[in-house]
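The structure appears right after this line, and notes come after that.
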Amino acid sequence: MMNSTEAEELLNKYASGNCSEQELEQLHTWYVGEALNEVSITAAEVEDIKNNIWQMLPVHQDSGTVTAPLFSPIWIKRFAVAASILLCVTLGYYYFNRENTNTTQLAKQEVIVPGGNKAVLTLADGTKIDLAKTTNGLLGNDHGTRIVKTDEGTIFYGDDYSDNKKVVWNTLSIPVGGYYNVTLSDGTKVWLNAKSSLKYPTDFRDKERIVTLDGEGYFEVAHNPSKPFKVITATQTVEVLGTHFNINAYTDETFTTTTLLQGSVKILAAGQQQLLAPNEQAKLKDNKINITSCDAENAVDWVNNDFVFDHEQLASIMRKLSRWYNVEVSYPPSVANLEFNGSISRTKNITQVLKYMELTGVVKLKVEGRRITVMQ
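Take the sequence shown: its position 89, counted from the start at 1, is 110 in the working numbering, and no numbers get skipped.
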């Protein structure tokens, strides 16, 4: 049986891509016989690591579409070996870097909990309602439109058929570390991510249904051919009749990104018009629209309370963590473009998310209060 020094040498050799088949077998045997017995890691953590590794395997790299030959016995065997070796190496690095990880104080810091169902509703007269602190039921009547908070922690708008009904505008604002869902008066559902806001009329009386978005929102628009639905951001307008799509329009992001899940949308920006089909994504930068194919479900991972990283750059990941966990982040320019793959629930404490990033062996992370520092 290998000792720990020999195993560490093989792990480093594997990381550089220089392991022979015999050495890979040795590494796997060591993992089965020794590593799991010595690593202080819970069964739940092992399962989480295995799930993330499974998502990284080649079988998942084709947007969920796998041709028949990949299911032949030889491919099944290769995937099984790949999963085994990846798990071996991941846990091996966890084993050898355990003390080093502790120096980053990921486990010793105060617990930084994930965001939750938080929002502030601003009525037409300027009244602000903290939705996290209000009870469920009728919140009020804004010029003839009833506003109700449901047991599920969302709000919806309904007509009370009063004679003095008047169309006014409300704003739903989501703080850092929050998210919320609203059903507009036409039945359109909107999910808002952290550090976002939506301005909308209490009733759609005009020929067009117009809302204004700052930040990120996922829309399921109620179909109405006679009244196009328009989402206006600082850089573009998205026009639809009835469809499902996501818009990421944070001012600190490089692009304004629109991703279509169902139906079709028209993007208007800087005198240009572009149509999107399902599983297409438009990125707007410097008044130029670039359309590519994508796995649209990844764009709405946050709606399902997940982080899904598909070749995502570290700078982008850090911005997401900052908004969701209400923390400050810093990293040197040299690591900003490093790419990561994997997924983890947004309900996890931030230390668990950072731990998985450290397990890649690419970066180290330091936690000081509510500040996360990335180091190489």
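Cβ atoms here follow ideal geometry from the backbone N, Cα and C, with glycine treated the same way.
For clarity, every value in this text was computed on a predicted model and none was experimentally measured.
Next on the checklist: Looking at Ile312: is its Cβ nearer than 8 Å to the Cβ of Ala290?
Outcome noted: For the purposes of this step, residue 312 is taken as the residue at position 291 of the sequence shown. For the purposes of this step, residue 290 is taken as the residue at position 269 of the sequence shown. Cβ distance not < 8 Å, so Ile312 and Ala290 don't count as in contact.
Checklist entry - Nearest to Leu213 by CA position, among Val203, Asp207, Ser247, is which residue? => result Translated into positions along the sequence shown, residue 213 becomes position 192. Looking at the Cα atoms, Val203 is the closest of the given residues.
Checklist entry - Going by DSSP, which residues form a beta bridge with Ala145? => result Taking the sequence shown and counting its residues from 1, the one referred to as residue 145 is at position 124. Paired residue(s): none; Ala145 is not in a bridge.
Next on the checklist: Once the 5 residues before and after Arg119 are set aside, which same chain residues still bring their CB inside 6 Å of it?
Outcome noted: Taking the first residue of the sequence shown as 1, we reach residue 119 at position 98. Low local confidence applies: a pLDDT of 47 at Arg119 is under 50, so the model's placement there is unreliable, and no value is given.
Item to check | Distance, Phe328 Cα to Gln8 Cα | outcome: Any answer about residue 8 is impossible in this case: the structure gives the chain only from 22 up to 397.
Checklist entry - Roughly how many angstroms lie between the CA atoms of Ala298 and Tyr271, to the nearest whole one? => result Along the sequence shown, one-based indexing puts residue 298 at 277. Along the sequence shown, one-based indexing puts residue 271 at 250. Whole-angstrom Cα-Cα distance: 23 Å.
Item to check | Beta-carbon spacing of Ile268, Thr279 below 8 Å | outcome: Translated into positions along the sequence shown, residue 268 becomes position 247. Translated into positions along the sequence shown, residue 279 becomes position 258. Going by C-beta atoms, Ile268 is nearer than 8 Å to Thr279.
Checklist entry - Does DSSP put Arg167 in a helix, in a strand, or in coil? => result Working through the sequence shown from its first residue, we reach residue 167 at position 146. Looking at Arg167 - three-state DSSP - the assignment turns out to be strand.
Next on the checklist: For the beta strand (DSSP E) containing Asn311, name the first residue and the last one.
Outcome noted: For this step, residue 311 is matched to residue 290 along the sequence shown. From DSSP, the beta strand (DSSP E) with Asn311 extends over 309-314.
Next on the checklist: Between the region 365-373 and the region 243-250, can you find at least three pairs of beta-carbon atoms closer than 8 Å?
Outcome noted: no
Checklist entry - Quick one: Cα of Phe250 to Cα of Leu375, how far? => result For the purposes of this step, residue 250 is taken as residue 229 along the sequence shown, with counting starting at 1. For the purposes of this step, residue 375 is taken as residue 354 along the sequence shown, with counting starting at 1. Each residue's Cα considered, the two are about 40 Å apart.
Item to check | Residue from Leu234, Glu301, Ser247, Asp163 whose Cα sits closest to the Cα of Asn285 | outcome: Your numbering for residue 285 matches position 264 in the sequence shown. Inspection of the sequence shows that residue 285 is occupied by Ser rather than by Asn. Closest by alpha carbon: Glu301.
Checklist entry - For Ser217, which beta-bridge partners are listed by DSSP? => result Along the sequence shown, read from residue 1 onward, the residue named residue 217 stands at position 196. Ile195.
Next on the checklist: Suppose you measure from the CA of Ile168 to the CA of Leu160; what does that come to, to the nearest Å?
Outcome noted: The sequence position of residue 168 within the sequence shown is 147, counting from 1. The sequence position of residue 160 within the sequence shown is 139, counting from 1. If I take the Cα positions, the gap works out to 5 Å.
Checklist entry - Which parts of the region 218-264 are runs of the beta strand (DSSP E), unbroken and 3 residues or longer, counting only runs that do not cross its ends? => result Listed in chain order, the complete beta strand (DSSP E) runs (minimum 3 residues) inside the region 218-264 are 230-241, 250-253, 258-261.
Item to check | Segment limits, alpha helix (DSSP H) that includes Ala320 | outcome: One-based indexing of the sequence shown puts residue 320 at position 299. 317-320 is the extent of the alpha helix (DSSP H) around Ala320.
Next on the checklist: For Tyr200 and Ser41, what's the separation of their Cα atoms in angstroms?
Outcome noted: Here residue 200 refers to the residue found at position 179 when the sequence shown is read from its first residue. Here residue 41 refers to the residue found at position 20 when the sequence shown is read from its first residue. Looking at the two C-alpha atoms, the distance is approximately 49 Å.
Next on the checklist: I believe Ala145 touches His164 by the beta-carbon criterion, under 8 Å. Please report the beta-carbon distance rounded to the nearest angstrom.
Outcome noted: Looking up residue 145 in the sequence shown gives position 124. Looking up residue 164 in the sequence shown gives position 143. Contact between Ala145 and His164 holds, since their C-beta atoms are separated by about 6 Å, short of 8 Å.
Checklist entry - Within 10 angstroms of its Cβ, does Ala357 collect 16 or more other Cβ (buried), or is it exposed? => result Here the question's residue 357 lines up with position 336 in the sequence shown. So Ala357 counts as exposed.
Next on the checklist: Applying the 10 Å Cβ sphere with the 16-neighbour rule, what's the burial state of Arg230?
Outcome noted: Here residue 230 corresponds to residue number 209 of the sequence shown, with the count starting at 1. Under this definition Arg230 is a buried residue.
Item to check | Three-state secondary structure assigned by DSSP to Arg340 | outcome: Residue 340 sits at position 319 when you count from the first residue of the sequence shown. Arg340: helix per DSSP, three-state reduction.
Item to check | Classification of Gln293 by the beta-carbon crowding that lies within 10 angstroms, buried from 16 upward | outcome: On the sequence shown, position 272 is the one that residue 293 refers to. Gln293 should be labelled exposed.
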